[in-house]
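2 protein chains.
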Amino acid sequence: MKIIVIGAGAAGTSAALETRKVNRDVDVTVINTEGFPEYSRCGLPYAVSGHIPKFENLVLHDEGWYDKFGKVRLMLKTEVTEIVPDNNVLKVKQEGGATRELQYDSLIIATGSKPSTPPIQGLEKKGIFNLRTIGDGKNIMNAGSHGKRAVVVGAGVIGLELAEALHAKGAKVTVIEFLPNVLLAMVDEDIAEVVKNKIEESGVRLLLNTKVDEAIGKEKVEGVIATNRATNERITVDTDILVLAAGIKPDTTLAEKAGIALGPAKAIKVDEHMRTNIENIYAAGECTEFPDFVTGASVRVGLGTTAVRQGKVAGTNAAGGNATMEHLLNTRVTKLFGLEITGVGPCSEAATKAGMKLIIGKVRGSTLPEYMPGGKEIIVKVLANEEGRLVGAQIVGEEQVAQRINVFAAAILKGMNVGEFSMLETCYAPPIAPTWDTITIAAEAAMKKLRRK
Amino acid sequence: MKIIVIGAGAAGTSAALETRKVNRDVDVTVINTEGFPEYSRCGLPYAVSGHIPKFENLVLHDEGWYDKFGKVRLMLKTEVTEIVPDNNVLKVKQEGGATRELQYDSLIIATGSKPSTPPIQGLEKKGIFNLRTIGDGKNIMNAGSHGKRAVVVGAGVIGLELAEALHAKGAKVTVIEFLPNVLLAMVDEDIAEVVKNKIEESGVRLLLNTKVDEAIGKEKVEGVIATNRATNERITVDTDILVLAAGIKPDTTLAEKAGIALGPAKAIKVDEHMRTNIENIYAAGECTEFPDFVTGASVRVGLGTTAVRQGKVAGTNAAGGNATMEHLLNTRVTKLFGLEITGVGPCSEAATKAGMKLIIGKVRGSTLPEYMPGGKEIIVKVLANEEGRLVGAQIVGEEQVAQRINVFAAAILKGMNVGEFSMLETCYAPPIAPTWDTITIAAEAAMKKLRRK
Numbered sequence: 432m433k434i435i436v437i438g439a440g441a442a443g444t445s446a447a448l449e450t451r452k453v454n455r456d457v458d459v460t461v462i463n464t465e466g467f468p469e470y471s472r473c474g475l476p477y478a479v480s481g482h483i484p485k486f487e488n489l490v491l492h493d494e495g496w497y498d499k500f501g502k503v504r505l506m507l508k509t510e511v512t513e514i515v516p517d518n519n520v521l522k523v524k525q526e527g528g529a530t531r532e533l534q535y536d537s538l539i540i541a542t543g544s545k546p547s548t549p550p551i552q553g554l555e556k557k558g559i560f561n562l563r564t565i566g567d568g569k570n571i572m573n574a575g576s577h578g579k580r581a582v583v584v585g586a587g588v589i590g591l592e593l594a595e596a597l598h599a600k601g602a603k604v605t606v607i608e609f610l611p612n613v614l615l616a617m618v619d620e621d622i623a624e625v626v627k628n629k630i631e632e633s634g635v636r637l638l639l640n641t642k643v644d645e646a647i648g649k650e651k652v653e654g655v656i657a658t659n660r661a662t663n664e665r666i667t668v669d670t671d672i673l674v675l676a677a678g679i680k681p682d683t684t685l686a687e688k689a690g691i692a693l694g695p696a697k698a699i700k701v702d703e704h705m706r707t708n709i710e711n712i713y714a715a716g717e718c719t720e721f722p723d724f725v726t727g728a729s730v731r732v733g734l735g736t737t738a739v740r741q742g743k744v745a746g747t748n749a750a751g752g753n754a755t756m757e758h759l760l761n762t763r764v765t766k767l768f769g770l771e772i773t774g775v776g777p778c779s780e781a782a783t784k785a786g787m788k789l790i791i792g793k794v795r796g797s798t799l800p801e802y803m804p805g806g807k808e809i810i811v812k813v814l815a816n817e818e819g820r821l822v823g824a825q826i827v828g829e830e831q832v833a834q835r836i837n838v839f840a841a842a843i844l845k846g847m848n849v850g851e852f853s854m855l856e857t858c859y860a861p862p863i864a865p866t867w868d869t870i871t872i873a874a875e876a877a878m879k880k881l882r883r884k
Numbered sequence: 432m433k434i435i436v437i438g439a440g441a442a443g444t445s446a447a448l449e450t451r452k453v454n455r456d457v458d459v460t461v462i463n464t465e466g467f468p469e470y471s472r473c474g475l476p477y478a479v480s481g482h483i484p485k486f487e488n489l490v491l492h493d494e495g496w497y498d499k500f501g502k503v504r505l506m507l508k509t510e511v512t513e514i515v516p517d518n519n520v521l522k523v524k525q526e527g528g529a530t531r532e533l534q535y536d537s538l539i540i541a542t543g544s545k546p547s548t549p550p551i552q553g554l555e556k557k558g559i560f561n562l563r564t565i566g567d568g569k570n571i572m573n574a575g576s577h578g579k580r581a582v583v584v585g586a587g588v589i590g591l592e593l594a595e596a597l598h599a600k601g602a603k604v605t606v607i608e609f610l611p612n613v614l615l616a617m618v619d620e621d622i623a624e625v626v627k628n629k630i631e632e633s634g635v636r637l638l639l640n641t642k643v644d645e646a647i648g649k650e651k652v653e654g655v656i657a658t659n660r661a662t663n664e665r666i667t668v669d670t671d672i673l674v675l676a677a678g679i680k681p682d683t684t685l686a687e688k689a690g691i692a693l694g695p696a697k698a699i700k701v702d703e704h705m706r707t708n709i710e711n712i713y714a715a716g717e718c719t720e721f722p723d724f725v726t727g728a729s730v731r732v733g734l735g736t737t738a739v740r741q742g743k744v745a746g747t748n749a750a751g752g753n754a755t756m757e758h759l760l761n762t763r764v765t766k767l768f769g770l771e772i773t774g775v776g777p778c779s780e781a782a783t784k785a786g787m788k789l790i791i792g793k794v795r796g797s798t799l800p801e802y803m804p805g806g807k808e809i810i811v812k813v814l815a816n817e818e819g820r821l822v823g824a825q826i827v828g829e830e831q832v833a834q835r836i837n838v839f840a841a842a843i844l845k846g847m848n849v850g851e852f853s854m855l856e857t858c859y860a861p862p863i864a865p866t867w868d869t870i871t872i873a874a875e876a877a878m879k880k881l882r883r884k
């Protein structure tokens, strides 16, 4: 049985390695345009900052490992030019080679996503980068170190992680965001505000609600011209490098050409087995969309966590097994300028748009009991529907934030309501957490509002 | 409506403060033998070590606060000598005063527990302490600082937290434990072993499987004589102070005299409303027992977390409201010598004793992805029943352990099985956690064993 996986990212590689757990006799090939097997894209900002000493450290296993231990054939620097579903054939072209055809029994599409290019004039200049590949990361690192000026377009997770990395390397960083606050795809505006304040304290300059119109300079970028969307004021920011982190979009070119159906979010539509509309073709990761567990809306897959889980399911099924992906909770986290920022479930806006009448519990607390020195403030925001069932949560603070969101993830998945959650026995010890953890108090705050209704 | 609470610990104080949330007109009195209102007993070791600068910091609110904001009457240094249920009367005696009677409509017993005294000869000597009260803590601190030798009897949570505190103050500490390992009421022996090794690395001496026979010395303790239970070897350990931390027992003296029924664990039996067998008398906290959520066995309440939750329920019901305590998960944690140690649900032995055939998943992992510098090892052990339902978990590691156990607490409470848990979407980011968190991998390990059966 021949299985081919297009894409060696988190989804594709997870899928390929999983196939052999179902059936040791499968012949599995992973095709990748880049010259590396799987590496952590999410780790790129930490290699730019130097916290991870070498970009190559991000590569999870070297090529030899796949051959020897993974029993997976890698075809790197290879482009798939066409999928021909009727013949179960792929047309591929290795760097410097001729186009040839590969036969498959099952195909897994894990082409990931590509950067969205915002409508900015002058992007053909030198000194302008995306952050998507190891190559991009190296270019940015070389161009944006001590004493240089850098402009990052986009205050989402990637933009801000990169801004922090460049700031850590001694660059003078300006982040320009179209929307009125940072991280609005991840958290509500009140939580974003806490992050915004922390970024501004750090010395990174933030221009919010601002549209970048043009990259200026001769051959090389020398600055950007932007417009404040509220005041229409025009701003010029001088810079040595410009990094575009204004979002990504699913890479569906190949799939569409092959007649694979997209969903309402313009990504490949898959069922819970990761099947596309064409038999024997599966898809997983950022090129797909999947129903949000809470709202039911079909949403783009944007997290490594989801990608590896989908990959596992796709790999199992492609090899003749039977696995399903039961939910997409969108449990997410990042760490920026000393703050952990995390969420699960839809943000308030998405939940409201889906027709929910939200009940919100929001509480400031400490990671430690009052009498214990060293506790840090955390803010916990709980979202419940009108029956009091938990549908989302967001937490921000300096420490011990991330694992707290996972408690909400388990609770949301199992349909827990705010009353139950408020009485959850969380662990307590003076150097660890208070007897009533802030997560339970936030749920209690929501419960009280529910009762008052 | 007159409500009286006996005991100003976590359960009693929570109960008293809760009554007024149900009914602002209740007249509520808290009676305490000690001279302080509620303080954190769990914080005592951290005041002994000096990490908390003053013992008085452990007091949550001063006396004036109760009067002014809590609207709770405090009677400190007051002993209840008898409960007369037929007349709804308490006999009380304030320090230096005469015995008088108080009338109640509802009574809440929160008398807590008292130290068990192990059968050791010579305990009448000076220099021998328990660690139960602020007074005890001050005495230990004064007697056991730099250069002094200390013996702690009992390697449970309190004994070890105190050993660490005395060690931090420069004392030369020996801990003597009757059982073959440390913390066996909290974790399984394999997890205990990790803690044991860490303690031994710290320079604290551990004598396990060892029975203390006698405290020797003239007026003041000068040493202990102990016997290794395996070899029968007699050991003498010289010491300046001896601290007894060999367990506690429910303080049920008053309750028993009043005809209040105990349960199989020899603590006050309460239903889910915290009602005792006598109408209008409730009980909460360490003087009670309650069914374990997983095994159904009636177990002693030993955690501050449970005490405050029970207190809240007792207070609500005593004031005419309606609340229930739905479960006792026994989510527990401590931090010792740089390790966080945590568990939820029964240990393997208790689960097996309750008739369960356990399936265990145990995994070593890191708090961070492999490529990210600075990750710390954590060990996660998952306990499932023969159908694969999660019934317990234990985790040990240097960081980020505590909140991970809370994820299991929510999952156990909602009946999650290991397969579901293995696919739980935990949050991922390079500086935070791997895409497959060690908690999900441990559940997967259990699931694989289940399938193999």
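One line per chain: the protein sequences are U and C, in this order. Counting in our numbering, the first sequence runs from 432 upward without gaps. Counting in our numbering, the second sequence runs from 432 upward without gaps. Note that CB positions come from ideal geometry on N, CA and C, so glycine has one too. It should be emphasised that the depicted structure is a prediction, and the values quoted were computed from it without experimental measurement.
Selection from the options that minimises the alpha carbon distance to residue i
{"i": "Gly-648/U", "options": "Asp-671/U, Ala-657/U, Asn-640/U", "result": "Asp-671/U"}
{"i": "Asn-640/U", "options": "Gly-850/U, Val-606/U, Cys-473/U", "result": "Val-606/U"}
{"i": "Val-744/U", "options": "Glu-757/U, Leu-789/U, Asp-868/U, Gly-733/U", "result": "Glu-757/U"}
{"i": "Ile-772/C", "options": "Leu-615/C, Gly-553/C, Pro-695/C, Gly-501/C", "result": "Leu-615/C"}
{"i": "Gln-834/C", "options": "Thr-684/U, Asn-663/U, Ala-864/U, Leu-685/U", "result": "Ala-864/U"}
{"i": "Val-436/C", "options": "Met-878/C, Ser-853/C, Gly-746/C, Thr-871/C", "result": "Gly-746/C"}
{"i": "Met-506/C", "options": "Ile-483/C, Leu-533/C, Gly-558/C, Thr-719/C", "result": "Leu-533/C"}
{"i": "Ser-576/C", "options": "Gln-525/C, Gly-481/C, Glu-513/C", "result": "Gly-481/C"}
For residue j and residue i, the rounded distance between their alpha carbons
{"i": "Lys-545/U", "j": "Pro-681/U", "result": "6 Å"}
{"i": "Asn-753/C", "j": "Leu-881/U", "result": "17 Å"}
{"i": "Val-511/C", "j": "Ala-439/C", "result": "13 Å"}
{"i": "Ala-815/U", "j": "Gly-769/U", "result": "29 Å"}
{"i": "Ile-791/U", "j": "Lys-845/C", "result": "23 Å"}
{"i": "Lys-522/C", "j": "Val-618/C", "result": "42 Å"}
{"i": "Glu-856/U", "j": "Asp-723/U", "result": "28 Å"}
{"i": "Leu-675/C", "j": "Thr-726/U", "result": "56 Å"}
{"i": "Arg-888/C", "j": "Gly-543/C", "result": "Residue numbering for chain C in the displayed model covers 432 to 884; residue 888/C lies beyond these limits and cannot be assessed."}
{"i": "Met-705/C", "j": "Ala-714/C", "result": "6 Å"}
{"i": "Thr-666/U", "j": "Ile-809/C", "result": "In the sequence as displayed, the identity of residue 666/U is Ile instead of Thr. Between Ile-666/U and Ile-809/C, the C-alpha separation is close to 50 Å."}
{"i": "Thr-869/U", "j": "Cys-858/U", "result": "12 Å"}
{"i": "Arg-883/C", "j": "Thr-755/U", "result": "20 Å"}
{"i": "Gly-886/C", "j": "Ala-782/C", "result": "Beyond the ends of chain C as shown, which are 432 and 884, falls residue 886/C; an answer cannot be given."}
{"i": "Leu-638/C", "j": "Leu-489/C", "result": "31 Å"}
{"i": "Arg-531/C", "j": "Lys-556/C", "result": "36 Å"}
CB-CB length for residue i against residue j, believed under 8 Å
{"i": "Val-625/U", "j": "Val-827/U", "result": "5 Å"}
{"i": "Gly-553/U", "j": "Glu-645/U", "result": "5 Å"}
{"i": "Val-588/U", "j": "Leu-597/U", "result": "Rounded, the Cβ-Cβ distance is 15 Å, inconsistent with contact."}
{"i": "Val-461/C", "j": "Val-503/C", "result": "6 Å"}
{"i": "Lys-788/U", "j": "Glu-817/U", "result": "5 Å"}
{"i": "Phe-721/U", "j": "Leu-759/U", "result": "5 Å"}
{"i": "Ile-559/U", "j": "Val-652/U", "result": "5 Å"}
{"i": "Tyr-477/C", "j": "Pro-862/U", "result": "7 Å"}
Residue i and residue j closer than 8 Å at C-beta
{"i": "Ala-750/U", "j": "Val-813/U", "result": "no"}
{"i": "Gly-774/U", "j": "Ala-738/U", "result": "no"}
{"i": "Val-643/U", "j": "Pro-549/U", "result": "yes"}
{"i": "Ile-843/C", "j": "Gly-735/C", "result": "no"}
{"i": "Ser-547/U", "j": "Ile-679/U", "result": "yes"}
Residue i CB to nearest heavy atom of the ligand ZN below 7 Å
{"i": "Ala-815/U", "result": "Within the structure as shown, the ligand ZN is missing, as the structure has no ligands at all."}
| request: Spell out a yes or no on whether the segment 756-768 of chain C and the segment 788-801 of chain C are touching, meaning 3 or more CB-CB pairs, one atom from each, closer than 8 Å. | output: no
| request: Flag this pair as touching only if the segment 452-463 of chain C and the segment 566-578 of chain C have three or more C-beta atom pairs under 8 Å; answer yes or no. | output: no
| Contact the segment 525-541 of chain U vs the segment 440-453 of chain U: 3+ CB pairs below 8 Å | yes
| said: Pairs of beta-carbons, one from the segment 485-503 of chain C and one from the segment 586-594 of chain C, closer than 8 Å: are there three or more? | reply: no
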